[in-house]
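Accompanying notes for the structure given below.
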Amino acid sequence: MLATVYTGRPAQQGGQEHDKVRLVASFYPLYEFASRVGGDKASVSSLVPAGIEPHDWEPTAQDRSRVSDADILVINGAGFESWAGDMEAKVVVDTSQGIDHGVNPHIWLDPVIAKHQ
Numbered sequence: 000m001l002a003t004v005y006t007g008r009p010a011q012q013g014g015q016e017h018d019k020v021r022l023v024a025s026f027y028p029l030y031e032f033a034s035r036v037g038g039d040k041a042s043v044s045s046l047v048p049a050g051i052e053p054h055d056w057e058p059t060a061q062d063r064s065r066v067s068d069a070d071i072l073v074i075n076g077a078g079f080e081s082w083a084g085d086m087e088a089k090v091v092v093d094t095s096q097g098i099d100h101g102v103n104p105h106i107w108l109d110p111v112i113a114k115h116q
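Residue numbers (numbering that gives the first Met the number 0): 0 to 116.
Now the structure itself:
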């Protein structure tokens with residue numbers, strides 16, 4: 000996931016390291032996954048605030064701006080984020096892609112399946 004954007008970013012003047020990849024995850028479980036995968040190479044934030052039900056959440060203009068400014072939007076997919084198709088993201092990583100999840104979009108709840116996200 001990170002290599003998609005990270006390797007495409009130009010180096011800074013003077014041979015310094017690349018900036019961190021800016022990831023926006025749709026909600027907390029994906030924030031946690033992206034943080035662990037990205038490590039110190041990524042700056043990760045979550046769209047859905049703590050304590051808010053992801054099923055009921057709708058993005059604000061500020062949220063849309065955060066997504067368009069980010070390098071990558073990480074979503075669960077499988078129809079979980081009904082608003083995701085309306086976002087103007089540079090790159091969208093749909094973590095359900097290639098996973099047989101049946102009709103249940105709550106992929107992160109099954110550790111056997113979630114490890115493939």
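Don't be surprised by glycine CBs; every beta carbon is placed ideally from N, CA and C.
Under 7 Å Cβ to Cβ from lysine 19, same chain only, skipping five residues before and after it: list those, please. So the list reads Lys40, Ala41 and Ser42, once near-sequence residues are dropped.
Which runs of the beta strand (DSSP E), 3 residues or longer, sit entirely within the region 33-97? Taking only runs of at least 3 residues, the beta strand (DSSP E) segments lying wholly in the region 33-97 are 41-45, 71-74 and 91-93.
Would you kindly work out how many angstroms separate the C-alpha atoms of aspartate 55 and proline 110, rounded to a whole number? Cα to Cα, aspartate 55 sits roughly 24 Å from proline 110.
As assigned by DSSP and simplified to three states, the class of valine 111: DSSP places valine 111 within a helical segment (H, G or I) once states are collapsed to three.
Using the beta-carbon count (16 or more within 10 Å), is alanine 49 buried or exposed? That one is exposed.
Counting pairs of beta carbons, one from the region 75-92 and one from the region 21-38, are three or more of them closer than 8 Å? Output reads yes: the region 21-38 touches the region 75-92.
Which residues in the same chain have their Cβ closer than 7 Å to the Cβ of glutamate 57, if we skip the five residues on either side of it in sequence? Closer than 7 Å at Cβ, skipping near neighbours: Trp82.
Bridge partners of valine 20, per DSSP? In the DSSP assignment, the residues bridged to valine 20 are Ala41.
Which word fits valine 102, buried or exposed, when buried means at least 16 other C-beta atoms lie within 10 angstroms of its C-beta? Taking all protein chains in view, the Cβ of valine 102 is surrounded by fewer than 16 other Cβ atoms within 10 Å, so the residue is classified as exposed.
Pick helix, strand or coil for glutamine 15, following the three-state DSSP scheme. Confidence at glutamine 15 is low in this model, with a pLDDT of 37, below 50, so the placement of that residue is unreliable and no value is reported for it.
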